[in-house]
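A.B. asks: Shown below is the structure under consideration.
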Amino acid sequence: MSKIAFASAQEMLRQLKLTVGPYFQWALSARKKYIELRLRQDQEVRGIYIRATDKLAKEIRSLKRQGYGSQMNIRYLTALEQSLRDNGIADSLMKVMPVYLGRAIEAGSSYSYEVTLSQISRTKLAKEPVQKAFARANKQAVETCWARTHNGLHLSDRIWKHDQKYRMAMSEIIQDGVATGEDPVATARQLEQYVRRGKKTLAAEYPEMMERMGNRIPQDISYEALRLVRTETAAAFGEGTIAAASVSPSYTGMRWLLSKNSDPCHICKGLAEANHGLGKGVYPPSDEPPMPAHPNCMCTLVSVHEDTDAFIDRLNSWIKDPASQPDLENWYQNVYSKVA
Ligand SMILES: [Zn+2]
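Listed below in structure tokens is the structure:
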């Protein structure tokens, strides 16, 4: 990590600590789960593309051994058609995506869940309905994530588009090999190199080929899918954070925390400095900003809760006289009792 990135991370943790006070460990643990997930998925998505491509390259070499010819030709193209169609990108992404969304939602919701549970455990109220309410909020967040659309497309449609994009890029390279009668081993190597190191390194070695292809293949094919996965994971973390906070009776607002304090982009800066009368960058319940603010944004949301001692006092007076605390009575009727 660079000096600036390290200082930024330190500043974010400092802000987090200021926001959550005694519950810092739980907030830190939520952040940690989220970061670990992001790092893991970066590697896994790259891996999906590399595996699919290595399989294709292996098939090309095997066709050569089977006598399809020492130069790429139309027979190779026909033989590879099925593999290009069943490249496995969409299948693999559809397999990992529910895991990522589930973990991100869980990480996001974990903070207000722990806070609320610890508060409830200081009263005579049973914990089980609270646990159920959070579980239900998580389930709803999962549904919301899959129902999200971008330019009218659902997540599953967008995953499918990346599958097609991949197939087209691979076809371009293979077809170029056929058009120029390239050695199949060289074509196989080009595929492997392209998926690992992008168009630029391929262009250095095969300048004419890249000139012929122009912009028909993206610079970095797996990065495009990775950006989608990162965005959806960030959205899921935000969705989980908001859904869970909404069932917490001590929830008072949602704070936008910058990932880069030294030099934030203007969108994130605006979000972190907005004033709704609840403190800098704190949004009222039901008016939370969605995550992420832009692709690759690492800013986060963290819920703000009523001071614990004051809240416990209110809970106790509500237990004695429900009418004395209308908001808690409302929570009891609409959240706590609804899940029993
Ligand atoms: Zn940001």
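The sequence shown begins at 44 in the working numbering and counts up one residue at a time.
The beta-carbon is built from N, C-alpha and C at its ideal position, and this holds for glycine as well.
Which residue or residues does DSSP assign as beta-bridge partners of residue 345?
C.D. replies: Paired residue(s): 298.
A.B. asks: In the DSSP assignment, the alpha helix (DSSP H) including residue 173 goes from what residue to what residue?
C.D. replies: 171-190
A.B. asks: Looking at ligand 1, does it come within less than 7 Å of residue 341, judged from the CB to the closest heavy atom?
C.D. replies: yes
A.B. asks: Quickly, what does DSSP pair residue 205 with across the bridge? List them, please.
C.D. replies: DSSP output for residue 205 lists no bridge partner at all.
A.B. asks: Is residue 298 near residue 344, with beta carbons less than 8 Å apart?
C.D. replies: Yes, the Cβ-Cβ distance between residue 298 and residue 344 is below 8 Å.
A.B. asks: Buried or exposed for residue 359, going by 16 or more other Cβ atoms inside 10 Å?
C.D. replies: exposed
A.B. asks: In its own chain, which residues sit with a C-beta less than 6 Å from the C-beta of residue 120, not counting the 5 before and 5 after it?
C.D. replies: 221
A.B. asks: Could you tell me the alpha carbon to alpha carbon distance between residue 216 and residue 234, rounded to whole angstroms?
C.D. replies: 7 Å
A.B. asks: Cβ of residue 308 within 7 Å of any heavy atom in ligand 1?
C.D. replies: yes
A.B. asks: Can you give me the Cβ contacts of residue 305 inside the same chain, cut-off strictly under 8 Å, excluding the 5 residues immediately before and after it?
C.D. replies: 47, 50, 51 and 54
A.B. asks: Is it the case that the stretch 259-270 contacts the stretch 184-199, given that we only count it when at least three CB pairs across the two stretches are under 8 Å?
C.D. replies: no
A.B. asks: For ligand 1, is there a heavy atom less than 7 Å away from the beta-carbon of residue 305?
C.D. replies: no
A.B. asks: Under 8 Å, with one C-beta from each stretch per pair, do the stretch 117-132 and the stretch 87-107 reach the 3-pair mark?
C.D. replies: In short, these stretches touch, since the Cβ pair count reaches three.
A.B. asks: Let me make sure I understand the geometry here. Which of 320, 285, 351 and 339 has the alpha-carbon closest to that of residue 151?
C.D. replies: 285
A.B. asks: Contact between the stretch 242-249 and the stretch 57-75 is defined here as three or more beta-carbon pairs at a separation below 8 Å; is this criterion met?
C.D. replies: no
A.B. asks: With burial defined as no fewer than 16 other Cβ atoms inside 10 Å of the residue's Cβ, what is the status of residue 75: buried or exposed?
C.D. replies: The residue in question, residue 75, is exposed, as its Cβ has fewer than 16 Cβ neighbours within 10 Å.
A.B. asks: Measuring CA to CA, which of 98, 107, 83 and 166 is closest to residue 353?
C.D. replies: 166
A.B. asks: Here's the rule I'm using: 16 or more other beta-carbon atoms within 10 Å means buried, otherwise exposed. How should residue 368 be labelled?
C.D. replies: By the Cβ neighbour-count rule, residue 368 is buried, with 16 or more other Cβ atoms within 10 Å of its own.
A.B. asks: Which residues mark the beginning and the end of the alpha helix (DSSP H) in which residue 227 is found?
C.D. replies: 227-248
A.B. asks: Helix, strand or coil: how does DSSP classify residue 377 here?
C.D. replies: Here residue 377 sits in helix by DSSP.
A.B. asks: Answer with buried or exposed for residue 251, where buried requires no fewer than 16 other C-beta atoms within 10 angstroms of its C-beta.
C.D. replies: exposed
A.B. asks: Could you tell me the alpha carbon to alpha carbon distance between residue 355 and residue 177, rounded to whole angstroms?
C.D. replies: 20 Å
A.B. asks: Do you know offhand how far residue 370's Cα is from residue 380's?
C.D. replies: 14 Å
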